[in-house]
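Step one of this worksheet: look at the structure below.
Numbering (the working numbering), first residue to last: 735 to 977.
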């Protein structure tokens with residue numbers, strides 16, 4: 735059974751853009767919207783006015799304080815960005831990303847798509863939590879896209895590829911992938927043990943080291959069995975060292 739993706743607006747600044755994004759989603763048959771820490775609070779009357787007939791998406795939109803909490807139930811997350819990043823991740827066009835997303839949702843996987851705030855876009859800390867990057871091939875001399883425009887592009891590409899048979903992107907129909915929450919808890923476990931072992935040294939480099947580790951966990955296609963094995967390995971190592 736195919737599950738539609740969830741569109742996640744991260745720290746949006748203008749209610750009008752939130753409403754326009756909701757309208758673009760409904761234009762292409764999408765209804766799962768989440769909002770992370772909106773600048774002007776929620777609900778927002780300007781968003782409702784701009785959404786026009788798509789107000790029901792706003793009525794049912796999920797509100798989250800952080801990106802990590804917004805993607806906890808997602809199995810695969812795309813981050814939309816026009817800027818080059820030093821983080822190592824697959825970079826896809828909207829066409830390729832939505833083909834991959836359709837293959838995943840066709841097997842019952844939960845897909846999330848992150849859209850950054852209007853002024854700065856997604857921060858590295860946001861992108862580090864994603865599995866892949868989506869970049870629109872725009873004019874390099876003027877690459878900034880309006881939030882609602884970016885939402886419309888991805889929603890259009892999703893709809894355009896509508897097909898009852900998902901494309902053969904991956905052959906992992908029987909794989910039980912770890913959820914976003916399970917990967918997050920694994921990262922917490924590793925940070926705890928590495929902190930105790932003195933791995934994060936010198937202290938001033940610790941935040942960057944932790945960010946790189948989070949990026950690595952998000953990049954790996956971990957299964958639930960993988961996560962359980964890694965937790966078990968850490969517990970065994972810690973127990974052995976205490977003997």
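Using N, Cα and C, we set each Cβ at its ideal position, and we do this for glycine too. As the structure is a computational prediction, the values presented were derived from the model and not from experiment.
Run through DSSP, which three-state label would residue 924 get? helix
Are residue 740 and residue 846 close, meaning C-beta to C-beta below 7 Å? yes
In chain order, what residues of the same chain have a beta carbon less than 8 Å from the beta carbon of residue 826, not counting five sequence neighbours either side? 812, 834, 866, 867, 868, 869
Mapping DSSP to helix, strand and coil, what is residue 768? strand
What is the C-beta distance between residue 751 and residue 881, in whole angstroms, given that I count them as a contact (C-beta under 8 Å)? 4 Å
Taking the alpha-carbon positions, what's the residue 945 to residue 959 distance? 24 Å
Residue 856 (DSSP reduced to helix, strand or coil): coil
So, helix, strand or coil for residue 917, using DSSP? helix
Rounded C-alpha distance that separates residue 918 from residue 925: 11 Å
Cβ contact check for the segment 748-763 and the segment 778-795: 3 or more pairs under 8 Å: yes
Inter-residue spacing [alpha-carbon to alpha-carbon] between residue 728 and residue 973: The question about residue 728 has no answer, for the chain in this structure spans 735 to 977.
Just curious, the beta strand (DSSP E) that residue 814 is in, first and last residue? 810-814
Of the listed residues 738, 775, 861, 968, nearest to residue 816 (C-alpha basis): 861
Do you know how far the Cα of residue 915 is from the Cα of residue 951? 12 Å
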